[in-house]
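Here the structure comes first, spelled out in structure tokens, and everything after it is commentary.
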Amino acid sequence: MDTLLKLHQATKTIPNESDLDNTILDHLDLTIRKGDFVTVLGGNGAGKSTLFNSITGTSLLTSGTVTLSGQEVTNWQEEKRAKYISRVFQDPKMGTAPRMTVAENLLLALKRGKKRYILPRKLKEQRTRFEKICESIGNGLEKHLDTPTGHLSGGQRQSLSLLMATLTQPDLLLLDEHTAALDPKTSKKLMALTDQVIEENQLTCLMITHRMEDALVYGNRLIVMENGKIKLDLNKEEKAKLTLEDLFVLFEEEQVSPGI
Numbered sequence: 001m002d003t004l005l006k007l008h009q010a011t012k013t014i015p016n017e018s019d020l021d022n023t024i025l026d027h028l029d030l031t032i033r034k035g036d037f038v039t040v041l042g043g044n045g046a047g048k049s050t051l052f053n054s055i056t057g058t059s060l061l062t063s064g065t066v067t068l069s070g071q072e073v074t075n076w077q078e079e080k081r082a083k084y085i086s087r088v089f090q091d092p093k094m095g096t097a098p099r100m101t102v103a104e105n106l107l108l109a110l111k112r113g114k115k116r117y118i119l120p121r122k123l124k125e126q127r128t129r130f131e132k133i134c135e136s137i138g139n140g141l142e143k144h145l146d147t148p149t150g151h152l153s154g155g156q157r158q159s160l161s162l163l164m165a166t167l168t169q170p171d172l173l174l175l176d177e178h179t180a181a182l183d184p185k186t187s188k189k190l191m192a193l194t195d196q197v198i199e200e201n202q203l204t205c206l207m208i209t210h211r212m213e214d215a216l217v218y219g220n221r222l223i224v225m226e227n228g229k230i231k232l233d234l235n236k237e238e239k240a241k242l243t244l245e246d247l248f249v250l251f252e253e254e255q256v257s258p259g260i
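Quick note, the sequence shown lines up with residues 1 to 260 if you use full-length UniProt numbering.
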């Protein structure tokens with residue numbers, strides 16, 4: 001299977017108050033193949049969000065390289081990478097413009113990574129398409145095309161964020177604990193929708209989660225991070241043998257390890 005993303009010796013250090021470098025990512029090597037759906041686990045400070053920031057260009061590496069579809073993008077700014085990478089954040093407020101309607105947000109998502117020109121919006125021409133897309137979610141979002149997103153529920157807003165992130169089928173989808181701020185019932189529905197969207201569009205995805213059940217149920221690969229490194233990298237068959245108890249034991253060992 002073709003390699004989509006490769007991080008080689010990815011290192012991120014940040015000076016602290018003692019003028020010593022605090023290592024967030026520590027010579028991390030990671031290869032993601034096209035079609036992979038990788039769940040990412042790790043305790044606080046493991047480097048998960050920094051990994052995502054390094055992939056998107058939100059934070060550039062101190063050393064090491066990032067290669068996307070065979071092209072090195074290590075020094076590319078976030079705006080340039082946005083043509084190929086979409087990200088959904090934990091906070092439902094971060095993925096949408098609150099004063100714009102649902103339809104306007106979707107129209108904005110169609111232009112992700114493209115040059116912007118002063119042209120007619122052509123919103124009416126897209127309305128039927130947007131209705132069908134929203135209707136497929138099953139939470140009534142299609143009835144709120146003219147509603148400002150700031151008036152939506154958290155679940156509806158996060159569903160919209162997912163639709164916006166996948167509307168133009170990005171090369172790589174990053175899900176940054178995108179269900180964490182939702183109640184259990186809404187979170188379960190959004191994860192089912194997520195799995196459906198990824199499978200139907202054959203997307204490549206990395207998903208950070210603190211829900212160990214989701215890490216076991218979804219995806220074809222599981223990564224566990226610790227201290228800026230990848231502690232475990234399990235394929236589908238290896239992951240299938242894991243139980244929740246195994247993961248709990250793994251994280252208990254992490255908590256009592258020296259230096260943590």
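All C-beta atoms, glycine included, are put in the ideal place defined by N, C-alpha and C.
Within 8 Å, strictly: CB atoms of residue i and residue j
i           : j      : result
His8        : Thr65  : yes
Leu174      : Arg81  : no
Ala181      : Gly154 : yes
Ile230      : Leu30  : yes
Glu78       : Thr56  : yes
Asp233      : Leu68  : no
Leu28       : Gly228 : yes
Phe89       : His178 : yes
Phe52       : Asp176 : yes
Ala46       : Glu213 : no
residue 274 : Leu160 : There is no way to answer for residue 274, as the model of the chain reaches only from 1 to 260.
Cys134      : Glu142 : yes
Leu4        : Thr204 : yes
Gln169      : Asn139 : no
Val197      : Leu222 : no
Identified DSSP bridge partners for residue i
i      : result
Asn235 : Arg221
Ile14  : Asn22
Arg33  : Thr3
Ile55  : Answer is none; Ile55 lacks a bridge partner.
Pro148 : Thr101
Assigned exposure category for residue i - 16 Cβ within 10 Å defines buried
i      : result
Asn22  : exposed
Gln158 : buried
Phe248 : exposed
Leu244 : exposed
Ser63  : exposed
Leu119 : Unreliable positioning characterises Leu119 in this predicted model, as indicated by a pLDDT of 43, which lies under 50. The coordinate reading is nonetheless provided below. When all chains shown are included, Leu119 counts as exposed.
Asn105 : buried
Lys12  : buried
Thr128 : exposed
Ile137 : buried
Val102 : buried
Tyr117 : Here the model assigns Tyr117 a pLDDT of 48, short of 50, so the residue's position is not dependable and the matter cannot be decided.
Pro15  : exposed
Val40  : buried
Pro258 : With a pLDDT of only 41 at Pro258, under the threshold of 50, the placement of this residue in the model should not be trusted, and no figure is reported.
Asp36  : buried
Lys48  : buried
Val217 : exposed
Gly42  : buried
Ala109 : buried
Asn44  : exposed
Gly95  : buried
Pro98  : exposed
Pro92  : buried
Ala240 : exposed
Which of helix, strand or coil DSSP assigns to residue i
i      : result
Met207 : strand
Gln90  : coil
Glu72  : strand
His8   : strand
Leu41  : strand
Gly154 : helix
Lys229 : strand
Pro184 : helix
Ser49  : helix
Thr101 : strand
Asp176 : strand
Ile198 : helix
Leu119 : Residue confidence for Leu119 is low, a pLDDT of 43 falling below 50, so the modelled location carries little weight; the figure read from the coordinates is stated next. Here Leu119 sits in coil by DSSP.
Ile137 : coil
Leu250 : helix
Thr67  : strand
Leu28  : strand
Glu245 : helix
CB contact check: residue i to chain C, cutoff 8 Å
i     : result
Ser69 : Looking for chain C here will not work: only one protein chain is present.
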